[in-house]
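J.: Going by our numbering, the first residue of the sequence shown is number 1201, and it counts up by one from there. Heads up, the beta-carbon is just placed ideally off N, CA and C, and yes, glycines get one too. Remember, it's a predicted structure, so these values are computed and weren't measured experimentally.
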Amino acid sequence: MTPSHFAFSMAFALGLTGVALHRHHLLSALLCLEAMMLSLFVALSLWSLNLSTASFSPAPMILLAFSACEAGTGLSLLVATARTHGTDRLKNLSLLQC
């Protein structure tokens, strides 16, 4: 495993542990998801460059488009929950407390 592969794997793993362990606020969970998507984007871009093919690989751009859609959806959910519940703490966002 090259050092760049290790760095991107660890960046993804850190984002995943951030989502799994630090679930206090919705915004922190969204930031960890964005860190995971950014590490996937950079790793996919470098992987397509390392293949040394003459053709253009659209996979990094498709991933970037999905990441932008995910960020927009997440921020709209953040605004909606902050307006209805008054906070973005994940502990207070239980569906059973309606």
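#1: Does the stretch 1207-1214 touch the stretch 1272-1281, meaning 3 or more C-beta pairs lie closer than 8 Å?
#2: Buried or exposed: which applies to Cys1269, given that a residue is buried once 16 or more other Cβ atoms fall within 10 Å of its Cβ?
#3: Please state the DSSP three-state secondary structure of Arg1223.
#4: Beta-carbon within less than 8 Å of Arg1223's beta-carbon, same chain only, minus the 5 sequence neighbours each way: which residues are those?
#5: Pull up the distance between the alpha-carbon of Val1242 and that of Pro1260, whole angstroms please.
T.: In short:
#1: no
#2: exposed
#3: coil
#4: Ala1229 and Leu1290
#5: 8 Å
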